[in-house]
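Mapped onto our numbering, the consecutive letters of the sequence shown carry residue numbers 1 to 436. Notes follow once the structure below has been shown.
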Amino acid sequence: MNFLSLIEAKREGKILAPEQIQEFIREFTAGEIPDYQMAAMLMAIYFRGLNTAETTALTLAMRDSGDVLTFPRDTRPLVDKHSTGGIGDKVSLPLAPLLACLGFRVPMISGRGLGITGGTLDKLDSIPGFKTLLPPAQIIKQVQQVGCVICGQTDTMVPADKKIYALRDASGTVPSIPLITASILSKKLAESLNALILDVKFGCAAFMQTKADARKLAKAMAALGNECGTNTRAMLTDMNTPVGHAAGNWLEVKESIGCLEGREPADLLELVLDSAAHLLVQTKKSKSFAAARKQAEDCLNSGEPRQKWNEMIVAQGANLKAFNRKLALDSTAKTVVELKSEKPGYVSKCDARTIGEVIRDLGGGRLTKDSVIDYDVGVDQIAKPGGRVEKSGVLCRVHAADSIAAKMAVTRLKTAFEITAKRPTKTPPVVEVISR
Ligand code: URA
1 MNFLSLIEAK REGKILAPEQ IQEFIREFTA GEIPDYQMAA MLMAIYFRGL NTAETTALTL
61 AMRDSGDVLT FPRDTRPLVD KHSTGGIGDK VSLPLAPLLA CLGFRVPMIS GRGLGITGGT
121 LDKLDSIPGF KTLLPPAQII KQVQQVGCVI CGQTDTMVPA DKKIYALRDA SGTVPSIPLI
181 TASILSKKLA ESLNALILDV KFGCAAFMQT KADARKLAKA MAALGNECGT NTRAMLTDMN
241 TPVGHAAGNW LEVKESIGCL EGREPADLLE LVLDSAAHLL VQTKKSKSFA AARKQAEDCL
301 NSGEPRQKWN EMIVAQGANL KAFNRKLALD STAKTVVELK SEKPGYVSKC DARTIGEVIR
361 DLGGGRLTKD SVIDYDVGVD QIAKPGGRVE KSGVLCRVHA ADSIAAKMAV TRLKTAFEIT
421 AKRPTKTPPV VEVISR
């Protein structure tokens, strides 16, 4: 295959045939196409787009670039949730054990941070001993026995996405509807799911900055997922403000445990319970959304998902004693510095993009595909829009590796917050749901 001519064709806006897409994905996965040529193709796709047939071909070729999980027959439906990525977005962590306790099987194949957005696997890597890389046989065994697993795609699962994902991160080609669709759905379709709930984010820290673009992405993914036999719904959710009050790998694990133990934050709880409720309705385990929501809430309040969390992390190698010791610490970073409000009032802005950039630059995210992550850095006690703050009240705390980095972060974070005399109207985290 002459890949250069395909790059040129896409650069000129031509339509690629499904066989051409299948072939270049096969060759790229086999290491026969160099990264620089694939990066050029990704940029051409970024600017020229892919039509529905091309996106379907790319998604299926990526799914088939490796093993597709096959599970034993079971009455428990196979379900999963995937987010397009955000700041403080830790929904998957409490959701997986909750879903297992609601009678689902959850093979949650997750990703690493992309751009400024955090990745579920990076958060889990902050747990002592926890293994995110499991062979397919162990994934299946754990799903059958524990009910849930959160892990990365192995070398043999969707390897094409693994390679392309890293290239996109380093080549400025992340916010592309067909590339996000193919990336997310190829992984989800390789899990042989019955139902999938997608959390498509819009706002200043999302890949899709406007609600209209997020809706386009949500519609494309819901249509393709349903067409491929997985009951798929998408929620459009706000990513102008971080989810919860903490962002940064370990700090988010800690906040997720708080959520499993019935403590706030309200927006995280809402995203977790709404995701579970949709899946209960999609799989016909519940007749109405209201009944499903109540079922999910009762289950969370029973404390079982908190126990299930322990079961899941131990099954994946975590040292529970070390985990509990770490949980008891106020901070695992070397330095903690508070950002204080200069005046009293209501928080009217808490800019997720600035917070995400600061965390990445503190070492919590990647600037290149080989960057080494510092799991302990981040921002917590984040004051959210609508909240009251007094003069010298805490707007957030910075956890950093040294005091110079902490001070620089605090200075930058000043611009993330706005305080007004009037209480702003609150926007709900979920603004729309798309089924088809
Ligand atoms: N999550 C993914 O898995 N892929 C993307 O492209 C974006 C978010």
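All C-beta atoms, glycine included, are put in the ideal place defined by N, C-alpha and C.
query: Is K254 buried or exposed, if buried means 16 or more other CB atoms sit within 10 Å of its CB?; result: buried
query: If I'm right that A296 touches L273 with Cβ under 8 Å, what's the distance once you round it to whole angstroms?; result: 5 Å
query: Run the CB neighbour count on F47, radius 10 Å, all protein chains shown included, and call it buried at 16 or more, exposed below.; result: exposed
query: Leaving aside the five residues before and after P107 along the sequence, list all residues of the same chain whose C-beta is less than 7 Å from its C-beta, in chain order.; result: L69, L78, D80, I139, V143, V149, E191
query: Grab me the residues of R105's own chain with a C-beta within less than 8 Å of its C-beta, minus the 5 sequence neighbours each way, in chain order.; result: F71, D74, R76, P77, L78, V79, V143, Q144, G147, C148
query: Classify I7: buried if its beta carbon has 16 or more other beta carbons within 10 angstroms, exposed otherwise.; result: buried
query: Spatial neighbours of K414 within its chain, please: C-beta separation below 8 Å, excluding the five flanking residues on both sides.; result: L339
query: List, from N- to C-terminal side, the alpha helix (DSSP H) runs of 4 residues or more that fit wholly inside the segment 167-231.; result: 177-189, 211-227
query: Can you tell me whether R11 is helix, strand or coil according to DSSP?; result: helix
query: Opposite F417 in the DSSP bridges: which residues?; result: C350
query: DSSP puts E432 in a beta bridge; with which residues?; result: L236
query: Can you list, in chain order, the residues of its chain whose CB lies under 7 Å from that of D376, leaving out five sequence neighbours each side?; result: W250, T332, A333, H399
query: Taking the beta strand (DSSP E) that R397 falls in, what are its first and last residues?; result: 394-400
query: Using the DSSP secondary-structure output, state which residues sit across from E338 in a beta bridge.; result: R397
query: Where does A247 sit, in a helix, a strand or coil, going by DSSP?; result: strand
query: Across which residues does DSSP place M108 in a beta bridge pair?; result: I150
query: Please return the same chain residues whose Cβ sits closer than 7 Å to the Cβ of A421, not counting the five positions on each side in sequence.; result: G345
query: Can at least three beta-carbon pairs, one atom from the segment 87-105 and one from the segment 218-236, be found at a separation below 8 Å?; result: no
query: How about V253: is its Cβ closer than 7 Å to a heavy atom in the ligand PLP?; result: By its list of ligands, the structure shown excludes the ligand PLP, since it contains just the ligand URA.
query: Quick check on K211 - is its C-beta less than 8 Å from some C-beta in chain B?; result: Among the protein chains of the structure shown there is no chain B, as only one such chain exists.
query: Since I believe E23 is in contact with M41 (beta carbons under 8 Å), could you give me their beta-carbon distance rounded to a whole number of angstroms?; result: That pair is no contact at about 12 Å.
query: Please classify L81: does DSSP put it in a helix, a strand, or coil?; result: What sits at residue 81 in the sequence shown is Lys, not Leu. Three-state DSSP puts K81 in a strand.
query: Reducing DSSP to helix, strand and coil, say where L69 ends up.; result: coil
query: Who are S114's beta bridge partners in DSSP?; result: Before going further, note that residue 114 is Leu rather than Ser in the sequence given. DSSP, once it has assigned bridges, lists T117 as partnering L114.
query: Pair every Cβ in the segment 260-280 with every Cβ in the segment 312-327, then say whether three or more of these pairs are closer than 8 Å.; result: no
query: In three-state DSSP terms, what is V389?; result: strand
query: Taking the alpha carbon of F417 as the point to measure from, which residue in T84, N240, L179, A44 has its own alpha carbon closest?; result: N240
query: Going by beta-carbon coordinates alone, are P242 and I382 separated by less than 8 Å?; result: yes
query: In terms of residues, what are the limits of the alpha helix (DSSP H) holding V379?; result: Note, V379: premise wrong, no alpha helix (DSSP H); beta strand (DSSP E) at 378-380.
query: With a threshold of 16 other CB atoms inside 10 Å of the CB of R263, please say whether the residue is buried or exposed.; result: exposed
query: Between the Cα of R168 and those of V431, L367, M408, spot the shortest distance and give me the residue it belongs to.; result: L367
query: If I follow the unbroken alpha helix (DSSP H) through L60, where does it start and stop?; result: 52-63
query: Roughly how many angstroms lie between the CA atoms of K407 and S126, to the nearest whole one?; result: 24 Å
query: Less than 8 Å separating the beta-carbons of T84 and L217?; result: yes
query: Just verifying my parser: in three-state terms, what is the DSSP assignment at G129?; result: coil
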